[in-house]
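First residue of the sequence shown? That's 11 in my numbering, and the numbers climb one at a time after it.
For each residue, glycine too, the CB sits at the ideal point set by N, CA and C.
On a predicted model such as this, the values are computed, not experimentally measured, just so you know.
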Amino acid sequence: MDSHVGLDYIVDNPDYCVKLASALETACPSVKKQVVELLSALCVYSQDGRQRAIDTLHIYQERRSERYRLRVVVDELQKATAEDYQTALLAFINCLVISTPVLKDRIRIRNEFIGLKLLPILNELRKSHAPDVRVQLNAFDDQRETDEELTNHGPPGIDLSSHVDVFYAILGQVADTPQEIPFLSILQHLLRLDSKDAASDLAWDTAETLVHRATLLESREDATKLLRSPSLQVIGKRNIWSLVANEHQNSPMADLDWAEMEGLFCQQVPPMVPPSTCFSSCGIGTDVERRRREPTEIALLDGKRSLNVNIFLKQFRSSNEDIIQLIKDGGHDDIGAEKLRGLLKILPEVDELEMLKSFDGDKSKLGNAEKFFLQLIQVPNYKLRIECMLLKEEFAANMSYLEPSINSMILAGEDLMTNKPLQEVLYMVLVAGNFLNSGGYAGNAAGVKLSSLQKLTEIRANKPGMNLIHYVALQAERKRKDLLNFAKDMTTLEAATKYDNYIFFSFNNYNTCRKIIY
């Protein structure tokens, strides 16, 4: 399942998530480890794959009547004693967090883990001397620090990830002011929420959304819109709008998505331009202002694109030069299949290549993603190198899967060639077809094409629900009942049909790569 075909199959078949959730319920740690590793691979593979991993957790949550979807991951990590299973669980947590593209959602899912007491478990695991465990712990800490730096817009000296620091900071702001009474009332209302009650989760989420909107209020009218929906009453005498309002009292059609409407149609406030002083108008001090405004880092790539590249590069925990050297040396063992697939996804596009090659400024001021791309495009045939490294890395696993597939098809072919009852049934089909086609160009056929066998059901009889294949089956049963048992002798046929597409795709993939290389 670590190949493209296996992952694509899971992505295209949401029902497979039910099987993965069932496998998580087993008591065998090795099976759970394989499922967790597969979920990690899905997260890294694509956003659809990440959604399949989350769907699996949701299905497990519903089956076990769990309150939180991520509870199973934290509980398994707490109970795990084997280092390889601990590493797999930590890797899944990191993949689930890092593969979340939106910063706000990434912080939310990390906070879900933290709310389930993940940090004390991580602190216990820090005592471990296993190198793989420590690598995953460092990756979790690094990504958390990076996200906190991107969101750290609070007052200086306050740790926004600390509940105590934020609480005392707010208390210090509202103390001895009229705002301390509403603040105390808010705390009293929140204190009434029972954390053991599942409904409290909905209350906390709603409170977070409303408080966030409240921080954006600028006038009393905005507060009125937040607290209640617009009125449909029309002042005046009897008119068409009054009739419409009366007919639609308490109508659900009046409850629109006000938050979305505000986001789409709110008035954009122009940025405040500082007033120019006499010094700047006279040309004095302009050099100082220009130096102050000059960015310390030049960004050629889109912000989201640059962030995705930097997040991916953090997985290597090494410098850009070391990564480039691994690509030059063909070190597929040191990189691994997952990282090679991820590397192929972040390769620069054609327009980005032109932009990077045409840049003639100070390259030392470029961002980390731009510097990596500049070093990468200096490697001859870098994309072909990475594709070959991935092919070599996956070759052993693919061949171990491909060999039994080919054997199954060979055995299925032998079964078809030696199955006498099947040959008798096919002969009866040929005789029946020649009889129906007698007098025509196909009335004296020597055999039947395999593609024509599928059309037998289209030849319908005058009797409802009867077609040619039914007739042949009835005739075979009358002559020899054992003829209809031919399917029991072909035990490998069903397995061979499952491998057909995989073998076809694998050979096409290998032939394509071989043509590119040679």
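- Item | Per DSSP, cross-strand counterpart(s) of L376 | I308
- Item | Among N318, N104, A455, nearest to N378 - alpha-carbon criterion | N318
- Task: Return the chain-ordered list of same chain residues with a C-beta closer than 7 Å to the C-beta of A471, the five sequence neighbours on each side being excluded.
- Result: N477, Y481
- Task: May I ask you to report which of helix, strand or coil DSSP gives N477?
- Result: strand
- In three-state terms, what does DSSP make of R223? helix
- CA-CA distance, T467 and R62? 38 Å
- Query: Could you give the distance in angstroms between the alpha-carbon of I356 and the alpha-carbon of Y392?
  - Reply: Roughly 13 Å between the two C-alpha positions.
- What residues in its chain sit with their C-beta under 7 Å from that of L494, if we drop five residues either side in the sequence? A483, A486, E487
- Item | Delimiting residues of the alpha helix (DSSP H) encompassing A569 | Any answer about residue 569 is impossible in this case: the structure gives the chain only from 11 up to 528.
- Message: Which same chain residues end up closer than 7 Å to H68 when comparing Cβ atoms and leaving out the 5 residues on each side of it in sequence?
- Response: R79
- With a threshold of 16 other CB atoms inside 10 Å of the CB of A90, please say whether the residue is buried or exposed. buried
- Message: Pop quiz: I387 and I337 are said to be a contact at Cβ under 8 Å. What is the actual Cβ separation, rounded to whole angstroms?
- Response: Rounded to whole angstroms, the Cβ separation of I387 and I337 is 11 Å, and the two are not in contact under 8 Å.
- Answer with buried or exposed for E299, where buried requires no fewer than 16 other C-beta atoms within 10 angstroms of its C-beta. With a pLDDT of only 44 at E299, under 50, the local geometry of the prediction cannot be trusted, and no value is derived from it.
- Message: Checking the sheet assignment: what are the DSSP bridge partners for R470?
- Response: According to DSSP, R470 bridges with N477.
- Message: Measuring alpha carbon to alpha carbon, tell me which residue in E134, D58, L49 is nearest I103.
- Response: L49
- Message: Measuring alpha carbon to alpha carbon, tell me which residue in N23, Y55, T428 is nearest G352.
- Response: Ranking N23, Y55, T428 by CA distance to the CA of G352 puts Y55 first.
- Message: I need the DSSP call for A140, collapsed to helix, strand or coil.
- Response: coil
- Item | Among L400, E35, F517, I191, the one whose alpha carbon lies nearest that of D85 | E35
- Since K29 and D94 are thought to touch, with beta carbons under 8 Å apart, how far apart are those beta carbons, to the nearest angstrom? The Cβ separation is near 23 Å, so there is no contact.
- Residue of A179, E122, H139, E134 minimising C-alpha distance to D211: E122
- Message: When you compare the stretch 435-443 with the stretch 454-467, are there three or more beta-carbon pairs, one atom per stretch, that lie closer than 8 Å?
- Response: Touching, per the Cβ criterion.
- Message: Taking only three categories from DSSP, how would you classify C398?
- Response: Residue state, collapsed to three classes: helix.
- Message: I need the DSSP call for I131, collapsed to helix, strand or coil.
- Response: helix
- Extent of the continuous alpha helix (DSSP H) run through E86: 81-89
- Are the beta-carbon atoms belonging to Q57 and K324 less than 9 Å from one another? no
- Let me know the secondary structure DSSP gives C38 once reduced to three states. Reduced to three states, the DSSP call for C38 is coil.
- May I ask which residues mark the beginning and end of the alpha helix (DSSP H) holding E76? No alpha helix (DSSP H) contains E76, which DSSP labels as neither H nor E.
- Exposed or buried, which one is S109 when buried takes at least 16 other CB atoms within 10 Å? Counting every other CB atom within 10 Å of its CB across the protein chains shown gives S109 a total of 16 or more, marking it as buried.
- Beta-carbon proximity list for A98, same chain, < 6 Å, skipping 5 on both sides: Cβ within range, chain order: K43, V46, E47.
- Residue range of the unbroken alpha helix (DSSP H) whose run includes S368: 360-368
- Option in S328, V176, N320 with minimal Cα separation from D157: N320
- Item | Reduced DSSP secondary structure (H/G/I, E/B, other) of V283 | Any reading at V283 must be qualified, since the residue scores a pLDDT of 42, below 50, and its modelled position is unreliable; no value is offered.
- Message: Whether or not the stretch 364-384 and the stretch 409-425 are in contact is what I'm after, with contact meaning three or more pairs of Cβ atoms, one per stretch, closer than 8 Å; do they touch?
- Response: In short, these stretches do not touch, since the Cβ pair count stays below three.
- Item | Y178, buried or exposed, once every other Cβ within 10 Å from all chains shown has been counted against 16 | When all chains shown are included, Y178 counts as exposed.
- Query: Would you call E403 buried or exposed, if buried means 16 or more other Cβ atoms sit within 10 Å of its Cβ?
  - Reply: Buried is the label assigned to E403, since at least 16 other Cβ atoms lie within 10 Å of its Cβ.
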